[in-house]
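Undergrad: Protein sequence lines, in the order shown, are assigned to chains A and B.
Per our numbering, the first sequence runs over residues 1 to 108.
Per our numbering, the second sequence runs over residues 109 to 323.
No residue lacks a Cβ here, since even glycine has one placed at the ideal position from N, Cα and C.
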Amino acid sequence: MKTQDKKAIDDVQPLTTVDKVIHEPARLNIMAHLYVIDRADFLFMMRQTGLTFGNLSAHMSKLEAAGYIKIIKEFVGKKPHTMLKLTEKGKQAFDEYRKQMKQFFNEI
Amino acid sequence: MNEIINLKEIEKRSYRAYFQTGVYDVAFGVLILSFAIAPVLRDVLGLFYILFVIIPSSLIILLGMKYLIVPRVGIVKYGEKRESAKKKMRIITVLSTTILAALLALTAAGVFPGFIGETLSGVMFMLIIGIIVIILMGFIAYIMYFKNMLYYGLAIGIGIPTAEFLHGVVGAPLDSLITFGTLGTLLLIYGLVNLSCFLKKYPIPKEEMSNENSG
């Protein structure tokens, strides 16, 4: 294998190992929002991300299945309320994703 | 999603979610309008007039948040960094309000007449208070990522010396009525326009989302 070809493969290597669950734009948007706050309800996430109810619901399920977000039932006043929160695993995965993407863009 | 993910910008946007609704503009508009009629209220109610100045705007924020904003924007709990900023803001607000109220009360009680007469004119003294108000509210605006707070500070900070200046020209209560009446009405109109745009843009979500929220 030529040196140039090997270098090209090395350059894109970080992208092949990037977390595909987070890499999807809508999920990246959701993760970024939950990363900067402590927790929020479904409506707040919908307003902030600009995603539709169905879209957000589907992406949330995938993130929950990956263990990146958790659903917390809590009371706001006397009403039960569903809040969404990034898990420790989710935070670490997001940090790792940011690191990989930074590294990739620094190298090209 | 074409925009670049900018965490700082996302953070600021989520912090501003409750502020950019018009409710705070309306509340501060009403507060400044209350300043306009404060001298009249003081003559009628004595010291109780302070309650009539503070209560309406506080009620607008509390009820507006509960019935207009939260059902449309949703609920968010911020992290430690934000909570610490809010704590700082509360301390600054309480301290500055106490100091300003004490200064104004002492001035009204005639504690500084010699000082004001010999060293500072009434307008200059009120100008200094106005500048302090602008700086403090500007600081709160910076901490809370809420630039309109600086505009409220400017309205109050400019209004205080202006009213004092007009006092020598038209006398009381026209000085306050003209100054704070104009500023308050402008802010109130701006707030009502903002609020109606917000209510139109964000209707209360349908049943399916309410079910999702109530778990």
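Taking the alpha helix (DSSP H) that Ala-263 (chain B) belongs to, which residues open and close that run?
TA: 256-278 is the span of the alpha helix (DSSP H), which, as asked, contains Ala-263 (chain B).
Undergrad: Measuring only the C-alpha atoms, how far is Ile-268 (chain B) from Val-278 (chain B)?
TA: So the alpha carbons of these two residues sit roughly 15 Å apart.
Undergrad: Among all the DSSP beta bridges, which residues are the ones paired with Ile-168 (chain B)?
TA: Answer by DSSP bridge pairing: none, since Ile-168 (chain B) is not bridged.
Undergrad: Using a C-beta cutoff of 8 Å, does Arg-124 (chain B) count as contacting chain A?
TA: Not an interface residue.
Undergrad: Counting only the same chain and skipping the five closest in sequence on each side, list residues whose C-beta sits under 7 Å from that of Leu-203 (chain B).
TA: Result list for Leu-203 (chain B): empty, nothing under 7 Å.
Undergrad: Check the Cβ of Ile-113 (chain B) against every Cβ in chain A and list those closer than 8 Å, keeping chain order.
TA: Chain A residues near Ile-113 (chain B): Leu-28, Asn-29 and Ala-32.
Undergrad: Once the 5 residues before and after Pro-179 (chain B) are set aside, which same chain residues still bring their CB inside 6 Å of it?
TA: Closer than 6 Å at Cβ, skipping near neighbours: Ile-312.
Undergrad: Compute the Euclidean distance between the alpha carbons of Phe-156 (chain B) and Met-31 (chain A), then round it to the nearest angstrom.
TA: Cα to Cα, the separation comes out at about 50 Å.
Undergrad: Can you tell me whether DSSP reads Val-18 (chain A) as helix, strand or coil?
TA: Three-state DSSP puts Val-18 (chain A) in coil, outside helix and strand.
Undergrad: Hey, quick one: how far does the beta strand (DSSP E) through Met-83 (chain A) stretch, first residue to last?
TA: Its beta strand (DSSP E) spans residues 79-86.
Undergrad: Quick check: the Cα distance between Asp-151 (chain B) and Met-232 (chain B), rounded to an integer number of angstroms?
TA: Cα-Cα distance, rounded: 26 Å.
Undergrad: Could you say which of B:Pro-281, B:Leu-282, B:Ile-286 and B:Ala-263 lies nearest to Leu-295 (chain B) if we only look at CA atoms?
TA: Answer by Cα proximity: B:Ala-263.
Undergrad: Could you tell me whether any non-hydrogen atom of the ligand PLP is closer than 7 Å to the CB of Val-277 (chain B)?
TA: Inclusion of the ligand PLP in the displayed structure is not the case, the ligand content being empty and no account of it being possible.
Undergrad: Can you confirm whether the segment 51-59 of chain A touches the segment 187-203 of chain B when touching is taken to mean that 3 or more C-beta pairs between the two stretches lie within less than 8 Å?
TA: Output reads no: the segment 51-59 of chain A does not touch the segment 187-203 of chain B.
Undergrad: Relative to the C-alpha of Tyr-310 (chain B), which residue among B:Gly-182, B:Ile-251, B:Leu-274 and B:Ile-237 is closest?
TA: Closest by alpha carbon: B:Gly-182.
Undergrad: Taking 8 Å as the CB-CB cut-off, is Gly-187 (chain B) touching chain A?
TA: With 8 Å as the cut-off, Gly-187 (chain B) counts as an interface residue toward chain A.
Undergrad: Could you say if the segment 281-296 of chain B and the segment 135-145 of chain B meet the contact criterion of at least three C-beta pairs nearer than 8 Å?
TA: Counting Cβ pairs under 8 Å, three or more are found: they touch.
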